[in-house]
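*Asks:* Residue numbers (the working numbering): 7 to 205.
Take a look at the following structure, please.
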């Protein structure tokens, strides 16, 4: 059975796949942190990338080299919402939130906002989320959910990170220059002056 999970931005310009998108090869979680909510709502994309039932943003964290951009890479842009090292990637063509990464490719991971993936395919391939992060940050999450700590998620991620570093796969990320490990798009920082418009 094909285990490649396709994704696309709202207008279809940015398209790609996550290879080997299975529960064994990555972690499907729902994040309720304030930054994820801000990212989705900043681009008026909450109805697309956030979970209707429990709020929060469904994410699939996978090895960086497994994510392929097949078209529209020149339309990808990234920003820092805060002073944290997380980079938020979006399709500048239609302002669709797409991915989260570390600020450079030195710490190799990519989380894909699975709201941009086909609903039937992601349910079949990823199943139910292994847990919900930062539930207390989200007043819209009122139902019972399975909580997951960041420490638990980081322990799971650590194994994949070591594999990416040892194998050299962190230099095969579509989002970072293979030599410098710097992002392929120059990051901007969201400030009070730029909240009126991004993209």
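Think of the CB as a built atom: it goes at the ideal place given N, C-alpha and C, for glycine as much as any other residue.
Taking the CB atoms as reference points, tell me whether residue 87 and residue 41 lie closer together than 7 Å.
*Replies:* Cβ atoms of residue 87 and residue 41: closer than 7 Å.
*Asks:* Taking only the alpha-carbon atoms, compute the straight-line gap between residue 118 and residue 106 and give it to the nearest angstrom.
*Replies:* Cα to Cα, residue 118 sits roughly 7 Å from residue 106.
*Asks:* Check each candidate in 29, 173, 192, 160 and name the one with the smallest Cα separation from residue 110.
*Replies:* The shortest Cα separation from residue 110 among 29, 173, 192, 160 belongs to 192.
*Asks:* Less than 7 Å between the C-beta atoms of residue 83 and residue 32, yes or no?
*Replies:* In this structure, residue 32 does not lie closer than 7 Å to residue 83 by Cβ.
*Asks:* Considering only the alpha carbon of each residue, which of 92, 19, 26, 36 lies closest to residue 3?
*Replies:* Since the first residue shown for the chain is 7 and the last is 205, residue 3 is missing from the structure and cannot be characterised.
*Asks:* Within 6 Å: the Cβ of residue 33 and any heavy atom of the ligand MG?
*Replies:* Absence of the ligand MG from the depicted structure is noted, as is the absence of any ligand whatsoever, leaving it without description.
*Asks:* Could you name the residues of the same chain whose beta carbon sits closer than 8 Å to that of residue 108, not counting the 5 residues immediately before and after it, in chain order?
*Replies:* Closer than 8 Å at Cβ, skipping near neighbours: 91, 92, 93, 114, 115.
*Asks:* Sort 173, 131, 145 by Cα distance to residue 25 and report the nearest one.
*Replies:* Measuring from the Cα of residue 25, the nearest candidate turns out to be 131.
*Asks:* I need the straight-line Cα distance from residue 10 to residue 96, nearest angstrom please.
*Replies:* Distance between the alpha carbons of residue 10 and residue 96: 21 Å.
*Asks:* Considering only the alpha carbon of each residue, which of 163, 102, 157 lies closest to residue 45?
*Replies:* Nearest C-alpha to residue 45: 102.
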